[in-house]
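Number of protein chains: 2
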Amino acid sequence: MEATWQLIAERGSHSVRIADIARACGTSTGTVRYHFPGKNDVLAEALKHCVSQAFARQSAELRAIDDAHGRMLKLIDLQLPRPGQVRDEWSIRLQHWAEAALRPELRAAHNEYYDRWQDTVRRIARRGQRQGVFRADAERPGLTWGFYGDDHFPLGYGRRRDPTAAGPLGVGCDIKRQLL
Amino acid sequence: MEATWQLIAERGSHSVRIADIARACGTSTGTVRYHFPGKNDVLAEALKHCVSQAFARQSAELRAIDDAHGRMLKLIDLQLPRPGQVRDEWSIRLQHWAEAALRPELRAAHNEYYDRWQDTVRRIARRGQRQGVFRADAERPGLTWGFYGDDHFPLGYGRRRDPTAAGPLGVGCDIKRQLL
Chain A
1 MEATWQLIAE RGSHSVRIAD IARACGTSTG TVRYHFPGKN DVLAEALKHC VSQAFARQSA
61 ELRAIDDAHG RMLKLIDLQL PRPGQVRDEW SIRLQHWAEA ALRPELRAAH NEYYDRWQDT
121 VRRIARRGQR QGVFRADAER PGLTWGFYGD DHFPLGYGRR RDPTAAGPLG VGCDIKRQLL
Chain B
1 MEATWQLIAE RGSHSVRIAD IARACGTSTG TVRYHFPGKN DVLAEALKHC VSQAFARQSA
61 ELRAIDDAHG RMLKLIDLQL PRPGQVRDEW SIRLQHWAEA ALRPELRAAH NEYYDRWQDT
121 VRRIARRGQR QGVFRADAER PGLTWGFYGD DHFPLGYGRR RDPTAAGPLG VGCDIKRQLL
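From first to last, the protein sequence lines are chains A and B.
Going by the UniProt record's numbering, the residue at position 113 of the first sequence is 113; the numbering climbs one at a time, nothing skipped.
Going by the UniProt record's numbering, the residue at position 82 of the second sequence is 82; the numbering climbs one at a time, nothing skipped.
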C-alpha cells in the first residue's frame, strides 16, 4: 500500500493504472485487481492508509506533550503540508473530497475519519480546560468546524449541522492567529 | 459549455469522455478535440465558465444592496451549496483544487479566480468601513483567508503568505457566527 498511495498522491488516482500499481508493488495486475475490484477502491484504501499513518504519528507525538496548549500547537504543526509525507497525505485527502462529492459511497469513510479528527481536537480542548489554559467554552460543538473552516463541507456530506455550533471559534482562531 | 460543465460537475472530469461531451453538445468528437486538445482543458474551461457565471450572478445581486453588511450576507448566501447550479459549481471547484495540487499548470487560473474572490470580499469590507458598519481592521490582508479558512491552500499553491495577515478575522468570523 505504501508504494500505491504515494503513486496516487503524486499523480492522482485517475491517472494511475492497474499496471502502474502492479509495477510499483512488484506484483501482477491480476493480484492488484483482486485487492481493488472497484473503481474507487484504490483511492478509498489510499485514504485509509494515510489517515491511519497520520493518526499514529499524531498519537505518538502528542502523548509526549503534557500541556494542552503545546499539544494543540503540535497537532497543527503535524498537519502543515510540508513537502514529503504530509503534503502527499493532503493530496490524497483533496482527491477524496472531490470524489466524495461525486460518489456518495465514499462519504461514510470521509465522515468517519473526520469524526476521528474532531475527537482528537476535542480531547485536547477538554484537557486544556482541565489544565485551565483554554476558555470554558472551548469544547462547544463548533470547535473543530472553525478549526478547519466551515467550508470544508461545501457539498453537504450528509452531516446535520448543530444550530448551537456557532461558527469559529475561540481556541481554533486564537491558535491560528498565533501561527499564521 | 453549459452542457459540458454540468456533465463534469455531476460525473467528474475524469469520468467524462470526449464522446460524452460531443453527445451533450450535439457535435462531433473531432470538434470537441479541437476545442479541448489537452487533458486538463475541459476542467480548466469548466472552472472558467462556472467562475464567470458566479461572478455575474454576484455582481447583479450585490449591486442591488447598498448596505455593506447586507451585501456581505448576500455574498455568503449566494455561495451556499444548495442543490442545483451552486452545488455544481462547488463540485467543479473541488475537482479543480484536487487537480491543481497535482498539476502546476492549473494553479495560475486558480490563483487568478481566488484573487477575484478576495477582491470582492475586500471591496465589501471597505464599503462597510466607509459606512461605519464594520470594524476599522476589517480590510486587513488576512480577511479573506479567514473567511474561507486558511486550509484552502493546504498544498501551497505558490502563494506568498503575508506575515502580517494574522489569521482569522473580524468580519469573516462575526458573520459566520451569525449565520451558522
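Glycine included, C-beta positions come from ideal geometry on N, C-alpha and C.
Everything numeric in this text was worked out from a predicted model, so none of it was measured.
Review point. Which of helix, strand or coil does DSSP assign to Ser28(B)?
Key: Here residue 28(B) is taken as the residue at index 28 of the second sequence, counted from 1. Ser28(B) falls in the coil class under three-state DSSP.
Review point. Is it the case that the Cβ atoms of Phe134(B) and Ala44(B) are separated by a distance below 8 Å?
Key: Counting from one through the second sequence, the residue named residue 134(B) turns up at place 134. Counting from one through the second sequence, the residue named residue 44(B) turns up at place 44. Between Phe134(B) and Ala44(B), the gap from beta carbon to beta carbon reaches 8 Å or more.
Check your understanding: Which residue comes first and which comes last in the alpha helix (DSSP H) that contains Lys39(A)?
Key -> Counting from one through the first sequence, the residue named residue 39(A) turns up at place 39. Neither: Lys39(A) is in no alpha helix (DSSP H) and is coded neither H nor E.
Point to revise | Cβ-Cβ distance between Leu103(B) and Asn40(B) below 8 Å | key: In the second sequence, residue 103(B) corresponds to position 103, counting from 1. In the second sequence, residue 40(B) corresponds to position 40, counting from 1. The sequence given here has Arg at residue 103(B), not Leu. Yes, they are a contact pair.
Review point. Of all the CB atoms in chain A, is at least one closer than 8 Å to the CB of Ser52(B)?
Key: Here residue 52(B) refers to the residue found at position 52 when the second sequence is read from its first residue. No, no contact with chain A.
Exercise for review: Kindly indicate which residue of Gln85(A), Gly26(A), Ile18(A) and Leu47(A) has the alpha-carbon position closest to the one of Tyr34(A).
Suggested key: For the purposes of this step, residue 34(A) is taken as residue 34 along the first sequence, with counting starting at 1. Among Gln85(A), Gly26(A), Ile18(A) and Leu47(A), the Cα nearest to that of Tyr34(A) belongs to Ile18(A).
Exercise for review: Report buried or exposed for Ala101(B), applying the criterion of at least 16 other Cβ atoms within 10 angstroms of its Cβ.
Suggested key: Mapped onto the second sequence, residue 101(B) falls at position 101. Per the 10 Å Cβ criterion, buried.
Practice item. Whole angstroms is fine: what's the gap from Pro37(A)'s alpha carbon to Ala22(A)'s? Key: Against the first sequence, residue 37(A) aligns to sequence position 37. Against the first sequence, residue 22(A) aligns to sequence position 22. Linking Pro37(A) to Ala22(A) through their CA atoms gives a straight-line distance of about 14 Å.
Review point. At a CB-CB cut-off below 8 Å, which residues of chain B make contact with Trp5(A)?
Key: Translated into positions along the first sequence, residue 5(A) becomes position 5. The premise fails here: Trp5(A) is roughly 14 Å from chain B at the closest Cβ pair, so nothing lies under 8 Å.
Review point. Does the beta carbon of His110(B) sit closer than 8 Å to a beta carbon anywhere in chain A?
Key: The residue labelled residue 110(B) in the question sits at position 110 within the second sequence. Not a single CB atom of chain A sits nearer than 8 Å to the CB of His110(B).
Check your understanding: Using 8 Å as the Cβ pair cut-off and three pairs as the minimum, do the stretch 55-73 of chain A and the stretch 51-59 of chain B touch?
Key -> Taking a cut-off of 8 Å for Cβ pairs, the stretch 55-73 of chain A and the stretch 51-59 of chain B do not touch, as fewer than three such pairs fall below it.
Practice item. Please determine, among Gln6(A), Ala108(A), Ala98(A) and Glu112(A), the residue with the shortest C-alpha to C-alpha distance to Arg93(B). Key: Here residue 93(B) corresponds to residue number 93 of the second sequence, with the count starting at 1. Closest by C-alpha distance to Arg93(B), out of Gln6(A), Ala108(A), Ala98(A) and Glu112(A), is Ala98(A).
Exercise for review: Kindly list the residues whose CB is nearer than 8 Å to the CB of Arg105(B), restricted to its own chain and excluding five residues on each side of it in sequence; keep chain order.
Suggested key: As a working mapping, residue 105(B) is identified with position 105 in the second sequence. Correcting the residue identity first, residue 105(B) is Glu in this sequence and not Arg. Excluding residues within five positions, the ones whose Cβ falls inside 8 Å are Asn40.
Practice item. For the alpha helix (DSSP H) holding Gly84(A), just list the boundary residues, first then last. Key: On the first sequence, position 84 is the one that residue 84(A) refers to. Careful: Gly84(A) lies outside any alpha helix (DSSP H) and carries neither H nor E.
Practice item. Below 6 Å CB to CB, which residues in the same chain sit around Val51(B) once its five sequence neighbours on both sides are set aside? Key: Within the second sequence, residue 51(B) is the residue found at index 51, counting from 1. So the qualifying residues of the chain are Tyr113.
Check your understanding: Under a CB-based cut-off of 8 Å, is Gln95(B) close to chain A?
Key -> Counting from 1 along the second sequence, the entry for residue 95(B) is found at position 95. Output row for Gln95(B): interface = yes.
Check your understanding: Do you know whose CA, among Gln118(B), Leu7(B) and Gly12(B), lies nearest Met72(B)'s CA?
Key -> Taking the first residue of the second sequence as 1, we reach residue 72(B) at position 72. It is Gln118(B).
Exercise for review: Could you tell me how far apart the beta carbons of Gln85(A) and Gly12(A) are, in whole angstroms, since I believe they sit closer than 8 Å?
Suggested key: By 1-based counting over the first sequence, the position of residue 85(A) is 85. By 1-based counting over the first sequence, the position of residue 12(A) is 12. Not quite, the Cβ-Cβ distance comes to about 18 Å (not below 8 Å), so this is no contact.
Review point. Relative to the alpha-carbon of Val121(A), which residue among Ile76(A), Met1(A), Gln131(A) and Arg87(A) has its alpha-carbon at the smallest distance?
Key: Counting from one through the first sequence, the residue named residue 121(A) turns up at place 121. Among Ile76(A), Met1(A), Gln131(A) and Arg87(A), the Cα nearest to that of Val121(A) belongs to Ile76(A).
Review point. Does the beta-carbon of Glu10(A) have 16 or more other beta-carbons within 10 angstroms, so that it is buried, or is it exposed?
Key: Looking up residue 10(A) in the first sequence gives position 10. Exposed, by the Cβ-count rule.
Review point. Is Ser91(A) buried or exposed, if buried means 16 or more other CB atoms sit within 10 Å of its CB?
Key: For this step, residue 91(A) is matched to residue 91 along the first sequence. By the Cβ-count criterion, Ser91(A) is buried, with 16 or more other Cβ atoms from all chains shown falling within 10 Å of its own Cβ.
Check your understanding: With DSSP run on the structure shown, which of helix, strand or coil describes Val51(B)?
Key -> On the second sequence, position 51 is the one that residue 51(B) refers to. Correct three-state label for Val51(B): helix.
Point to revise | Neighbourhood of Val32(B) by C-beta, 6 Å cutoff - its chain only, sequence neighbours within 5 removed | key: Residue 32(B) sits at position 32 when you count from the first residue of the second sequence. So the list reads Ile18, Ile21 and Ala22, once near-sequence residues are dropped.
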